[in-house]
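Remarks on the structure that follows.
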């Protein structure tokens, strides 16, 4: 109490100074990049956590065999300086960089790579689904100290594309803290990587500090001394921080923010197309929406133009795959707002007169999803169907996806491609083995499954494209989703941030190494 | 320096009338209370008739007009439009329904539950009192907003769940109040008389004690109405409120945060509505307290 | 009085046990399953089951409670199912920020509220009186989150003289010290630069939060001063020539403080539980944000932990208020 | 010089219902050594007369329509607040009715006594037995000493210890003694006692009256004793003024007035006192309606 009183008196004394101190002086001098994002990093384990905020942490504190850079995404050397692929696309060999060192100084060996992949396969969490059925515990071998050999269970076209998400951990550190859960408890809050940055201050739900590792093995790179991942709850706050130079990068901006930033010379807006799709999943297994004609009627009743208006920079999806990705067919005939057709299909369905109530679940606090749910409400009203809009937290959404009984009639979902291959979206969102997971709670069509499986292992590009074309037509006819839009990635950069290269996969997982601050 | 009138008391009926007249006179003395009452009456009228009188009822039901996004306040849209082109004026007006209804429901539930617990504890005393009041005291130590948020979040969004969540944290205060009043009244002569005549305890509580302790309850309830409206808005603001498209002030404000500072009207009008409603109930409550509970006068 | 304090402290123990029971019961009886979240979006059912076992959530409620309470006694407040960090450590990280905010708000409220309330009572129906009453009425009715937004609009967007949010600039190293309360730590360290910055960040949230207690303290002070001024002893004091200033600031103030003191005590805990909103608006890294995060992810342990901490602070505050009450009012006996 | 000379005092009070004239031309002279009893029913204006002498009626509610109150030749109605403060506690002491409410409950009685003594001492150090121009440290020391002496004088046993006690630690009679000590500590020339014994037990009443009587005799001061109790008047007063509805109906030596009341009201007042001879059911009230004073 005594102290606080003194502090109050201090405030009276320094009141003049208080108003006159320039706010920019905070940021002067040190080359520390501040990223403002609404997404927390609750878990630091690269073999457990998912999402772009953790991905950002992994990309900068860990290394993978290869990296992915640019538009279209290109595979570049990471820990591996070179690699070879066998004719049948089942055998891969990677030569590791002999200078690569973990942050504790020990070299990154082939054994470490083998250890990491075994851990991924064993835990069955995090990125393991990307290589499920392709890589198992026996597939990875250390040919010598600097060479890793993979023998895939089946040819897998996007194999190199998924490798950037398979991070290599330091076996010595993990083994020393192995516990009873393969070191999960330890890696949850600690890192054991070879990346150019290490963790500094950690305030969960608030901020994470990254510090550039001194004398580190990575070549090149910018002048950053460190970086901060700052959790900000409102997009408008992110934007204001950017305007006030309290942040250098704002990661989740809305169209309105981009509009406001347009003429600001101190801010560079990045609006780029990305393989990030928004769609409204329907419960095809239970309830009225199991009726395909009703699903089609709703797909026609939805006002896609309003959706686009409310979204800002975006483009409507053409079918289930993101536009521009390999195999996507832009000439597909898809559903557009057409009330006549909607009525026509409604008449064909078992629910001609409507008069019942459906429900939609959207992410709490995600403004665009809320807006689109309202548009869905309008569309359904035209079919005399009521809609119950339920904002849900992420755990609720995940829990609801577990079975057809818990799944609401509609679920709003964003999906970001982790690798630039149609298999990513097709397998994760439409293959029935993923039922019960949030990306594909209930949809099941054996023909679709077969096409996905065939395309996954097909090595001939023409044949592969043909398979995906069939897949798209089939899925559109089934109408398991209202295919929404591809939201353009909207990023804001301070003009003094240099050397940023946009990559349309997990674009907010900023790679810090190349960046510089003026 | 006090003096008592030496005139005989007039007949009972007219005395009661005169009491009311005096009470009303005292209430009118404070123009702030009158303003409070006027705003409350207006709010209730708005809540009742809003769906019929608002210019854009379709927006209230969730309709959108994305062509007219972020129109500034003007002749067409008095309070401007939001990100979906919805008329903020219509949303704010209809938003009064949720706020007032939930506020009222919370207060009523709290009075019924708290009143029952408090009356039983106060009337019977002893170990019943001890147990009930210990639980009440414990609940009073729990931070109510956090508790309400936790309960509302777990139950899921929706007006009913929100009301339940808030009411859970509110009844203990009424239990305390009623218990105190019942203890004060139960020793009085007329209660002893009723007991002697063999009246059962629910009858004594309901017919004899309750009517005599209504004043402080009504005063607290009217003050609490304001805070209930505020709490409803607070839950809406942190994102645990009503389901869309139901317009609710706190939710409107929370959603509008994303549009600050450029589209200030989307936030300012719902905010002012909350302020006005809470203020009105506070003024009314203050006025009622002066009238009904002179001991507690400011 | 020492004996009394000891007795009260011992009496806290059964209250705390009851409290843990109630809070635990409420938290666990609510629907919602955090395990799916903790296991991660791509977890298979058997992984989810293993997480459930890991956190002991497969056991019966009494067993879970017993495990929790025995842990509590040993300083183990459980682990967040979401971040898997120990709750006690997290709370200790976030508590100072909240305490700083609440203390600053209460300080503003007391330092302004008591003299203004006094002045309003003395110059009843005067300008000060009407001004303070208007502010008081508005202050109570003003939603803190709305006020916070308006303050940001004014002082940050338009005037641009104060920082938007946060507690300290991200790239600066906050003052280190024993309390974790930046203003105090920087004073202890004699670091005036840090103090200025900390105060700049504190100003708006503290003010947004102080308005409601300020209004109440002002009203309470005004009401009790008016009541005390009508007491017979004031007339006696005046009749025997004691100056008005002395009557007011010595004799009346101490009397009027007793009821105001209770209000102050109640407000401390009320503010602690109500920081959620202001912390959300100003991105103030305190218990409120921590609790909100946990509530939204249905993460029991942090919610229980925060609730317990706030309830404990409440109980201790009320004890201090009771003790102070005796200082202001000699008629109170500690038995 | 006449100690207190009230001439044609007219006072009106404002309340919710409007302005009412309370005092209608009060005339009264009090000399040193005289104990004037002012009797009348509740609301007759006797208390307001007493308060007027110290000018303690708030100007917002009370308005003097006419008249003057001369204390030692100066009209207090024309005096400034500072001048009045110099009189209060030093020249004019006051005792009020209820000893439980007239002591500040949250301060030690010593504190309260010393503050009054200091006030008087600042105006006139001789009151505390000091030379004029004494330092404030000496004043404080003397004030404490005088406070103990005064407590002792009014009959509080172990005064030096009890000075550290709070009012609630005293009985009603003892508290009234403390209040008398406070009123007398500044060695006033005029004591206004407003119903000083009404709230006390009968047995204590007599002791308090005797205490007041002895102090008056010792210091040769004038007293205005406001009471509704004719018994009190008979016991202690030298003179009496009978008030009714803001007017003095009759005044004079106690012996004269009480033995041969000339006014019917005084007679009625005397008759209303129950004596040992009053029969059951004979208790008489007074007719008429008093003006209401809030």
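Residue numbers (our numbering), protein chains in the order written: chain A, 25 to 542; chain B, 1293 to 1590; chain C, 8 to 342; chain D, 7 to 300. Beta carbons are placed, not taken as given, at the ideal position from N, Cα and C, and that holds for glycine.
Could you name the residues that DSSP lists as bridge partners for residue i?
i: residue 505 (chain A); result: A:305
i: residue 1327 (chain B); result: Answer is none; residue 1327 (chain B) lacks a bridge partner.
i: residue 231 (chain A); result: A:227, A:254
i: residue 101 (chain A); result: A:90
i: residue 176 (chain A); result: Answer is none; residue 176 (chain A) lacks a bridge partner.
i: residue 10 (chain D); result: D:36, D:77
i: residue 254 (chain D); result: D:249
i: residue 59 (chain A); result: A:253, A:273
i: residue 436 (chain A); result: A:304
i: residue 113 (chain D); result: Residue 113 (chain D) is not bridged to any residue.
i: residue 116 (chain A); result: A:109, A:174
Taking residue i and residue j to be in contact with their CB atoms under 8 Å, please state how far apart those CB atoms are, rounded to whole angstroms.
i: residue 514 (chain A); j: residue 363 (chain A); result: Not quite, the Cβ-Cβ distance comes to about 32 Å (not below 8 Å), so this is no contact.
i: residue 1545 (chain B); j: residue 1563 (chain B); result: 5 Å
i: residue 291 (chain A); j: residue 516 (chain A); result: 6 Å
i: residue 154 (chain D); j: residue 140 (chain D); result: That belief does not hold up - the Cβ atoms of residue 154 (chain D) and residue 140 (chain D) are roughly 18 Å apart, past 8 Å.
i: residue 1434 (chain B); j: residue 1401 (chain B); result: So it is not a contact: roughly 18 Å between Cβ atoms.
i: residue 394 (chain A); j: residue 181 (chain A); result: Contact doesn't hold; Cβ gap of about 38 Å is too wide.
i: residue 223 (chain A); j: residue 215 (chain A); result: 6 Å
Around the Cβ of residue i, are there at least 16 other Cβ atoms within 10 angstroms (buried) or fewer (exposed)?
i: residue 177 (chain D); result: exposed
i: residue 1478 (chain B); result: buried
i: residue 5 (chain D); result: As shown, chain D starts at 7 and ends at 300. That puts residue 5 (chain D) outside it, with no answer to give.
i: residue 1316 (chain B); result: exposed
i: residue 67 (chain C); result: exposed
i: residue 48 (chain A); result: Below a pLDDT of 50, predicted positions are generally treated as unreliable, and residue 48 (chain A), at 43, falls in that range; the measurement from the model is reported next regardless. Under this definition residue 48 (chain A) is an exposed residue.
i: residue 170 (chain D); result: exposed
i: residue 1323 (chain B); result: exposed
i: residue 322 (chain C); result: buried
i: residue 203 (chain C); result: buried
i: residue 286 (chain C); result: buried
i: residue 1577 (chain B); result: buried
i: residue 333 (chain A); result: buried
Please state the DSSP three-state secondary structure of residue i.
i: residue 275 (chain A); result: coil
i: residue 96 (chain C); result: helix
i: residue 1432 (chain B); result: helix
i: residue 1463 (chain B); result: helix
i: residue 517 (chain A); result: strand
i: residue 134 (chain A); result: helix
i: residue 540 (chain A); result: strand
i: residue 392 (chain A); result: helix
i: residue 280 (chain A); result: helix
Indicate, with yes or no, if the ligand MG has a heavy atom lying under 7 Å from the CB of residue i.
i: residue 271 (chain C); result: Judged by which ligands are present, the structure shown has none, so any question about the ligand MG falls away.
Under 9 Å (Cβ pairs) to chain D, residues found in the region 237-249 of chain C: Along the region 237-249 of chain C, the positions whose C-beta sits under 9 Å from a C-beta of chain D are 238, 239, 240, 241, 242, 243, 244, 245, 246, 247, 248, 249, read in chain order.
Residues of the region 380-398 of chain A with Cβ closer than 8 Å to any Cβ of chain B, in chain order: Listed by position along the chain: 388, 389, 391, 394, 395, 397, 398.
Using a Cβ cut-off of 9 Å, which residues of the region 246-270 of chain A contact any Cβ in chain C, in chain order? Here the close residues are 250, 252, 254, 255, 256, 257, 258, 261, 264, 265, 268, 270.
Which residues of the region 324-336 of chain C have a Cβ closer than 7 Å to any Cβ of chain D? Give them in chain order. Residues 335, 336.
If contact means a Cβ-Cβ distance below 7 Å, which residues of the region 279-313 of chain C contact chain B? Answer set for the region 279-313 of chain C: 279, 280, 281, 283, 284, 287, 298, 299, 302, 303, 305, 310, 313.
Using a Cβ-Cβ cut-off of less than 7 Å, give me the residues of the region 204-232 of chain A that come near chain C, in sequence order. Those would be 209, 212, 213, 227, 228, 229, 230, 231, in chain order.
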